[in-house]
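Top line first, the protein sequences correspond to chains P and A. Okay, so the first sequence: first residue is 1 according to this note's numbering, each after it adds one. Okay, so the second sequence: first residue is 1001 according to this note's numbering, each after it adds one. From the three backbone atoms N, C-alpha and C, an ideal C-beta is built for every residue, glycine too. Predicted, not measured: the structure shown is a model, and the values here were computed from it. Heads up, the thing below is written out as structure tokens.
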Amino acid sequence: MKRTVGLILAGVAIAAAVVLPEPEPAAGPDFVGPEIRESVASAAASVWYCPWVASGALRDSTVMLASKVPVSAELTLPQQITDEEPDVDEVRLDEAGALVIAVGEIVRRGDTPLFVELDDGPAAVATVVSSAEVLTGDTCVARIPKVWELPGGTTREGRTMTLRLFNPFPELAKVSVSGSSESGETGLVDLQNLDVEGRTWQDVSLNALVPLLDDLALTVTSSEGFVIPSLAVAGSTDEASWPGAAPASVWEFPVASTRAEFSPSLMISNSNSAPAVVAIDVYTDAGTTIGAREVEVDPSIPRRVDLSDLADGALGIRIRASSPVAAVVLAEESTAVLEPTDEEGQLDDDTQRGDRIAGTIGISNPAVQWLLPGLQAVSDAEATVWLLNTGGEAATVTLQPLGLRDLPAVKQTVAAGSLQGLPLGHDVTVGGYLIESSTPISAAWSVESPAGLMFITGTVVSG
Amino acid sequence: MSPAPGKLKPVIVAAVLALDNADVAETVARIRRQVYETRRIVVVGAGSRGRHAADAAEVEWMSSVPHLLDSIDGSISHVWFLYAGALPRPDALKALIDEAERTDAAVAGSKLVHAEDPERLIAVGIATDVFNVPYLGMDEHEIDAGQYDVVRDVAAVAGVSMLIRRDLARGVGGPDPLLPPEAAAIDICQRARLRGARVVVVPSSEVLFHADRFRAESWRERAGRIRAMLKAYSLLTLLWVVPLRLVIGLLESVVSPFLGRWVLFDFLRAWLWNIWHLPSLVRERFSARKGRVFGDAELFRYQLRGSAKLSEITGEIGIKLRARLDRSEGPTLASIGSDLRQPAFVVGVLTLLTSVLAVRSLWSAGWPAVGYTMPLPESGRAALGAYAGGWNPAGFGSIEPLPPLVGLAGATQAILFDSPEFTAWLLSLSAIIAGIWGTIRLLRGWGIEVVAAWAAGIVLVAGPAAQAIGDRTAIGQLLGIGVLPWALRVATTRWPWSWTRRLGRVAAMGWVVALLALVAPPLVVAPVAILFVRAILKPVGWASWRAFGLGLVGSALAVPVLLPWLRIVDLEAYLTAGEEYWIPALIPLAAAGVAFLAGLLASRDGHLDAVILGGVLVGLGAVAARGADLGLGRETAVSGLAVVAAGTAFLVGGVLDALRATDVHGWRRLTAGFGGVAAIVLVATSLLPLYGGRGGLPNDEFTDSLRFTAAAEGEATASRILLVGPAASLPGDARTVRGADYRVVSAPVPALWEAYLPVTGPADAALEQLLLKLIEGQESRAGEALADFGIRWVVVTGETPLEAVFDGQLDLVPLGGAKRPTFLVDSPLAVRARLGTGDVWSRVGTGYRGTETSGERVSVAETANSRWQPGPWTQRGWGNEVSASTGEAKFDAIESRRVQASLAGGWFAILVLFSAFARRQR
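Laid out in structure tokens, this is it:
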């Protein structure tokens, strides 16, 4: 009896324990790392990374800051030698406006990538590098993904291609660079597991590694730490630089060329496994051509699309891809003008110098507010703001100059499906523009001087 | 023997030391009957009582020995000191003089025999250890068969009858008037020896004495020995002797209550007395060491190796252990051989060895920092203060109550000279010994023999369930399983006849359960639950129901001891917090199943009861241990494992002992054999983990990996560490941000009081917000932001996406040499308390200390609370700002909680003392 009772009691207790289910494991993290912040000007503190900056004996750079609110900015310019203290400068905008800071006034030691920390926003930062023969620049980036796409490179004759890997963080970054060209995957064995020490940068000359490639798109992947890459393509004098981009299905380029002398081309790279079909819409003063061209971009084979035959003069484009692609536009001074123009076969003095080049990344999301830091701030140059309205409604656009004093806003209407270029010239009192539109548009600006040509994409203001 | 030719006949003054109410007259009469006459007889001391006694005996009286020595002229060669009540045989003095002359000894002592039974020895000279603790070297009832009758040099002679040369007595200044008799005798012998004098015992000089007046172990004697030691030894010797003496005294204080004595206060008084008399000690030491002929080595020649006190304690423990294990004989040389062959002796030795081996690593390192087990705080008083209404330092701090274990360990540590390592070692060792010993006592009461009971004890403290508790780093429950069998034993042992002893039993039940509750509060119900199951399984007769009732009362009595924790804690949250789910290992599970079934089929009577109770307890405990789905939390689940441990132990005890049964035959015998094998498997799988040396706890995870913080510039304790990684890789509780776990701990290594995090406070919310901003990429200077929290390091403890988040910060410096990925907040502001000027304040206990700066304010990065002092207090964000004028910032303890803690301590003491008192009543 006792045994039976014991067996039953113990059996029941053990059976109860056995049937009790194991609790569900806790849901793990819903993120894999720092979320990638878009390069947009939002109402928060932000850090903008500007890799392609130089200030030395030949070149000067300016950091251009535009903000909708009072903001303090701290500029940090790391040294290329590990563990050297960076140069730091602080500036403040006491009210909404713009500032132009000459890097040479902080330090003058050649290449000087930097980052700008803003304690509030919306605000945006862009940089310009200039010399007697160079004019280049672009907007700085706030996003720090692990993988960057950099299309648009070339190592063909007469072009020098440099990749800058800027590590603004204290941690060592381990970086691998892969490339694809018209021949397919390009072996860049020397660029695997590159160490980029914290708070330094490395410049990689691609011409020496993979010479004579017409089209070269790079993918930069950080296995440890983070880097901010920038690509620069130089001609005999001028150069163009642009930061990395994330693939997207739609890209808008308000400026692909400013004049007929500048031959525009579009470089597309596809890092997917399947080919992408890309339709190109063309916007000019004369009108819009939707689906002006359709190309297929194979994986691992970047595609260069010459746009010079689509328009004669200023040109904006939109591309629509069947899957996300990365894209860059380049405008290069036409080599045709270098042909002899007189009977004696002498080159014309004015056109001999023509090797100006500009390039920029596109805009994947049209917006109703834009900040264009630096617009009208580049001396000895002619600036033009480009407004592209790919929507179905006309946009009423207000251009508010930001600068040392209050200036009246300019209103402009951009018809549906059109591109509008507004030449603005140089004005020492203006350091940038705030553009507000009734419907989403894309905005960018170009600067042309005898030294060079430069395209700079605007920065979207969010919220 | 006559004096040598040409040598003067010694002239003696007899000094009767009237120390107590002993009969002076009888001693004086005995002196008068000596065959060797004395010149004078003087009664010394005892004030007017001594004077009257002297008058009655018609002898001189003098107030003190120094006066006596002053009064003696050069015609006197020796002084014979005798205690009042000493009864020298007629030839005692002659023998002393003859042998002293023969051996050229300056000090000679008599053999002491019992006044009531002169055949029995009391002492023949005194050996001492280096601490001046006397050792007589003979049995209590040893017969005088002449075995010690040889004149020999000894460390000291008893002051009961001591002959000393007058010139030496004067030279060394006579006996130290501050010392009690025995210590004074040792002292004067030592001082004499330092001056080159021989000290001999003369067995042919016999003195009868009352043994109960000899070697009275009073605190004054203890104090006297310490004083004698401090006077005689060189500074070099004192450098090691004093600390050792302290440790041994402490050990004796801890162990003595188990031997029925309480010597802690004597120990403390003895040292305090010496501190109080330090000036005279310095004078006496100078005088003792001046003119010495020999060094300490000469004293060591006549001393014992080791500690007499430790030998005495060990001997007593041996006797007690044997008695507890059912041996009635005391230790004699003759019995040693048979002892060695006795299971009880073997089991005792094995238990001790196993236990010491099982905790050997804790001796130097204390508890490991892993999971919910962490090293004890540096200050036991601070831990006790924090428990009793003080500041809970876990995370960013709070006024939430700390677990009672923190208070208990803190109090123990405070007594044990604030040594966290020693306290942890002792607590773990005590728990293991108590667990094995308690199981033996409990199961012996249930009719199970000692070897099977020992095996059961091993399974209790190190079996599969105990291993599971260890793996879960539940130090409280691990200690608790050492107490659990005692609670059951107190309840189930024979009910006493007298009412006093019955009440004492109730009180004992109360404090034993209280001890259990203090180490692991949910275990307060474990004894009563087990006793209830036992009563259900054995419903016939009152005994089991009375035991259950006693358990119920015991639990009720134990509850007040949990104050103030019990009044403040959210019990529901406490019992349901965290998730645990026990999945037993296959082999022990199968072994336990086989053992249970075999025991059920093959055992009888008491064995069967133990097997059934064990099986049911394993089942019920497993329900709690796997009850996450029922809403049972971590503490409840781990306490369920303690019940499983007890059940498994009973099962093993019952099954193994069933093998002894002679009336089991046939298939039952075979089944019992299978059960025995299964039980042995359980015992074997239990023994192995014990040899890890950490008392069943896993490896230390953090001490080494966080040690680098201690080497950093500045004080590591002034800052915090942010640990990020999966919850299982973090110490104690963790918080979660978007599914990723993290927690904040103190540098350099978190202490036990940080294991349980309080509910989320404003500081936690602020840190969570910061982490969210970092994850969302809205903040790039984590270092600057973390510095506000006093966080100086971020350490990655395992796979976590937060590592990449900290990778992408502009001002976090990665530390290459650290054992785990680590980021440094390179800012002098990353401290917990600092002045506006940047001066860093050190962390002391749960408060902070720095330079007194009037007019300045110190910001304290602890959760805001207006009790932070000194005022005026202001809230600074989520933190505090207080005046820096006193150089100290501390939390003003909550008085009501302090009072409750004191009452709880008092109640516990009352239960202990009353149970001890009642136990001694016949």
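{"query": "Kindly indicate if chain B contains any beta-carbon less than 8 Å away from that of ARG1738 of chain A.", "result": "You won't find chain B in this structure, because its protein chains are P and A."}
{"query": "Assign GLN79 of chain P to one of three DSSP states: helix, strand, or coil.", "result": "coil"}
{"query": "Within its chain, find whatever has a CB closer than 8 Å to the CB of ASP120 of chain P; leave out the 5 residues flanking it on each side and keep chain order.", "result": "ALA43, ALA44, ALA45, SER67, VAL69, PRO70, VAL71 and SER72"}
{"query": "Closest Cβ-Cβ distance between VAL430 of chain P and chain A: below 8 Å?", "result": "no"}
{"query": "Counting pairs of beta carbons, one from the stretch 1086 to 1093 of chain A and one from the stretch 1253 to 1268 of chain A, are three or more of them closer than 8 Å?", "result": "no"}
{"query": "Shortest alpha-carbon distance to GLU1799 of chain A belongs to which of A:GLN1809, A:ALA1727 and A:GLY1482?", "result": "A:ALA1727"}
{"query": "Beta-carbon within less than 8 Å of LEU1333 of chain A's beta-carbon, same chain only, minus the 5 sequence neighbours each way: which residues are those?", "result": "Only weak support is given to the placement of LEU1333 of chain A: the predicted model assigns it a pLDDT of 47, under 50, and the value that follows is read from those uncertain coordinates. Answer for LEU1333 of chain A: no residue qualifies."}
{"query": "Leaving out the 5 sequence neighbours to the left and right, which residues in its chain are closer than 6 Å to PRO1010 of chain A when beta-carbon positions are compared?", "result": "SER1077, HIS1078 and ILE1097"}
{"query": "Listing by chain order, which chain P residues have their CB less than 8 Å from the CB of ILE1775 of chain A?", "result": "PHE31, PRO34 and GLU35"}
{"query": "DSSP three-state label for TYR1233 of chain A, please.", "result": "coil"}
{"query": "Can you tell me where the beta strand (DSSP E) with GLN1900 of chain A in it begins and where it stops?", "result": "Careful: GLN1900 of chain A lies outside any beta strand (DSSP E), inside the alpha helix (DSSP H) at 1895 to 1920."}
{"query": "Buried or exposed: which applies to TYR1387 of chain A, given that a residue is buried once 16 or more other Cβ atoms fall within 10 Å of its Cβ?", "result": "buried"}
{"query": "By a C-beta neighbour count over all protein chains shown, 10 Å radius and 16 as the cutoff for buried, is ARG1935 of chain A buried or exposed?", "result": "Only positions 1001 to 1922 of chain A appear in the structure, and residue 1935 of chain A is not among them; the question remains open."}
{"query": "Quick check: the stretch 206 to 213 of chain P against the stretch 237 to 246 of chain P, are at least 3 beta-carbon pairs closer than 8 Å?", "result": "no"}
{"query": "Under 7 Å Cβ-Cβ, which residues of chain P neighbour GLY1808 of chain A?", "result": "PRO34, ILE144, PHE169 and PHE226"}
{"query": "To which residues of the same chain is SER462 of chain P closer than 6 Å at the C-beta, ignoring the five residues directly before and after it?", "result": "VAL40 and SER42"}
{"query": "Where does the unbroken beta strand (DSSP E) through VAL1459 of chain A begin, and where does it stop?", "result": "It is not in any beta strand (DSSP E) - VAL1459 of chain A instead sits in the alpha helix (DSSP H) that spans 1450 to 1462."}
{"query": "Kindly indicate which three-state DSSP category ARG3 of chain P falls into: helix, strand or coil?", "result": "helix"}
{"query": "Measure the C-alpha to C-alpha separation of ASP1939 of chain A and VAL1844 of chain A and round it to an integer number of angstroms.", "result": "What is shown of chain A runs 1001 to 1922, which leaves residue 1939 of chain A out entirely."}
{"query": "Name the chain P residues that come within less than 8 Å of PRO1801 of chain A, Cβ to Cβ?", "result": "PRO29, PHE31, VAL32 and GLY33"}
{"query": "Select from P:VAL233, P:ASP238, P:ALA276 and P:ILE280 the residue whose C-alpha is nearest the C-alpha of PHE253 of chain P.", "result": "P:ILE280"}
{"query": "Report back the beta-carbon spacing between GLU35 of chain P and GLU1803 of chain A to the nearest angstrom; my notes put them in contact at under 8 Å.", "result": "In fact, because the Cβ distance is near 15 Å, the residues do not count as touching under 8 Å."}
{"query": "By the criterion of Cβ-Cβ separation under 7 Å, what are the contact partners of GLU22 of chain P in chain A?", "result": "TYR1581"}
{"query": "Less than 8 Å between the beta carbons of THR139 of chain P and ALA124 of chain P, yes or no?", "result": "yes"}
{"query": "In whole angstroms, what is the alpha-carbon distance linking LEU1340 of chain A and LEU1352 of chain A?", "result": "Below a pLDDT of 50, predicted positions are generally treated as unreliable, and LEU1340 of chain A, at 48, falls in that range; the measurement from the model is reported next regardless. Going from the Cα of LEU1340 of chain A to the Cα of LEU1352 of chain A covers about 15 Å."}
{"query": "Report yes if the C-beta distance between ARG1832 of chain A and ALA1710 of chain A is below 8 Å; otherwise report no.", "result": "no"}
{"query": "Would LEU1488 of chain A pass as a contact of ILE1530 of chain A if the rule is Cβ separation under 8 Å?", "result": "yes"}
{"query": "Nearest-angstrom Cα distance between GLY1173 of chain A and PRO1066 of chain A?", "result": "7 Å"}
{"query": "For a quick check, are the C-beta atoms of GLY151 of chain P and PRO51 of chain P less than 8 Å apart?", "result": "For the record, residue 151 of chain P in the displayed sequence is Pro; it is not Gly. No. Outside cutoff."}
{"query": "Check whether chain A comes within 8 Å of ALA10 of chain P, counting only Cβ atoms and requiring the distance to be less than that.", "result": "yes"}
{"query": "In whole angstroms, what separates the C-alpha of VAL47 of chain P from that of SER236 of chain P?", "result": "34 Å"}
{"query": "Specify the secondary structure class of VAL1079 of chain A as computed by DSSP and reduced to three states.", "result": "strand"}
{"query": "Any chance you could list the alpha helix (DSSP H) runs of at least 4 consecutive residues sitting entirely within the stretch 1480 to 1555 of chain A, in chain order?", "result": "1499 to 1519 and 1526 to 1537"}
{"query": "If you drop the 5 nearest sequence neighbours on each side, which residues of the same chain put their C-beta closer than 7 Å to that of ALA1056 of chain A?", "result": "ALA1025"}
{"query": "Taking beta-carbon pairs under 9 Å, can you tell me which members of the stretch 126 to 152 of chain P lie near chain A?", "result": "ALA142, ARG143, ILE144 and LYS146"}
{"query": "Measuring alpha carbon to alpha carbon, tell me which residue in P:PRO247, P:VAL278, P:SER271 and P:GLU157 is nearest VAL233 of chain P.", "result": "P:GLU157"}
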